[in-house]
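Q: My questions all concern the structure below.
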Amino acid sequence: MNTRAAGRPYHHGSLPETLVAHAVELLDEGGAEAVTVREVARRAGVSPSAPFRHYPDRAALLAAVGEAVAMDFGAAQMAAVESADALPFRALGAAFVHYALAHPHRFALLRGGVFGAHRTPAMEEGHRVFVDGITELVVAGQRRGELRQGDAEMIRIAAQALVYGLSQMFVDNYLDASRADALINQVIDLFGLGVLAPDGEMREAAEGV
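Reading the sequence shown from the start, the letters are residues 889 to 1097 in our numbering.
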């Protein structure tokens, strides 16, 4: 996610985007509690009342931040999938955990907004599209013979539960972040033993192509 440098003038008509960018900066620095309308306005170089023309209150600003972070979170995972040499499903899971490690405050906001029950309509739609995309990824892996046959939605839920829990364990310092790379790969690969297709199924899928 690109955030504009503090104090840089914004172009006319781009104030909402500028406000959200500065709000994300504050989020990264100190968590959701650090995001105040007054400080966002100060960093954007506008009057304290200017943000209220676009966001009626702090909750509305935080909702916009949540939408922007959710888009960035999803884009990071899709980029990992597109650049994966093999097993894109594995790359997706690793990208999920790495994002949470790199942006713990964003992950906390997502946990309450996107993953929780209080989603905005935009978050709801974005979440639906993202979840559908993961399910389609599972189905594609099954068709290629990479993943075990079965209920694609259940495989998706199990995979998300794994990476969500692993992410939370790192964010809560239950696991040592210095071991992140090794642990992420080992845990995801261990999960993969349960969902990867047996050699026989992979051969059958290859022969059917």
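Just so it is clear, CB atoms sit at the ideal spot from N, CA and C, and this is done for glycine as well.
Quick caveat, the model's predicted, so the values are computed rather than measured.
(1) For a test of the three-state rule: what should DSSP assign to L1035, helix, strand or coil?
(2) Alpha helix (DSSP H) containing V953: first to last residue?
(3) What three-state label does DSSP hand S902 in the structure shown?
(4) Looking only at its chain, what residues have a beta carbon closer than 8 angstroms to the beta carbon of S971, apart from the 5 residues adjacent to it on each side?
(5) Thinking V1026 and I1043 are a contact (beta carbons under 8 angstroms), I'd like their distance in whole angstroms, please.
(6) Measuring alpha carbon to alpha carbon, tell me which of A909, G1021, L950, P944 ends up nearest G962.
(7) Distance, Cα to Cα, P904 vs Q1030?
(8) By how many angstroms is the C-alpha of G933 removed from the C-alpha of A1040?
(9) Is the beta carbon of A920 less than 8 angstroms from the beta carbon of A929?
(10) Cα-Cα, which of R999, A952, E917, D1069 is closest to A906?
(11) Mind the definition here: the stretch 980-990 touches the stretch 1066-1080 only if three or more C-beta pairs lie below 8 angstroms; say whether that holds.
(12) How should P1009 be labelled, buried or exposed, when 16 other C-beta atoms within 10 angstroms of its C-beta is the threshold for buried?
A: In brief:
(1) Locating residue 1035 in the sequence shown gives position 147, where the first residue counts as 1. Here L1035 sits in strand by DSSP.
(2) Residue mapping note: residue 953 aligns to position 65 of the sequence shown, counting from 1. Unbroken alpha helix (DSSP H) run through V953: 946-971.
(3) As a first step, residue 902 is located in the sequence shown; it is residue number 14 there, counting from the start. S902: coil per DSSP, three-state reduction.
(4) Residue mapping note: residue 971 aligns to position 83 of the sequence shown, counting from 1. If we look at S971 and ignore the five residues flanking it on each side, its Cβ neighbours are A979.
(5) Against the sequence shown, residue 1026 aligns to sequence position 138. Against the sequence shown, residue 1043 aligns to sequence position 155. V1026 to I1043, Cβ: 5 angstroms. Contact.
(6) Counted from its first residue, the sequence shown places residue 962 at position 74. Selected option, being the one with the closest Cα: G1021.
(7) Looking up residue 904 in the sequence shown gives position 16. Looking up residue 1030 in the sequence shown gives position 142. In a straight line, the C-alpha of P904 is about 43 angstroms away from that of Q1030.
(8) Here residue 1040 corresponds to residue number 152 of the sequence shown, with the count starting at 1. Here residue 933 corresponds to residue number 45 of the sequence shown, with the count starting at 1. Spanning the two alpha carbons is a distance of roughly 49 angstroms.
(9) Translated into the one-based positions of the sequence shown, residue 920 becomes position 32. Translated into the one-based positions of the sequence shown, residue 929 becomes position 41. Going by C-beta atoms, A920 is not nearer than 8 angstroms to A929.
(10) Here residue 906 corresponds to residue number 18 of the sequence shown, with the count starting at 1. This sequence places Thr at residue 906; Ala is not what is there. The option with the nearest alpha carbon to T906 is A952.
(11) Verdict: yes, contact present.
(12) Within the sequence shown, the letter at position 121 stands for residue 1009. Around the CB of P1009, fewer than 16 other CB atoms lie within 10 Å, so the residue is classed as exposed.
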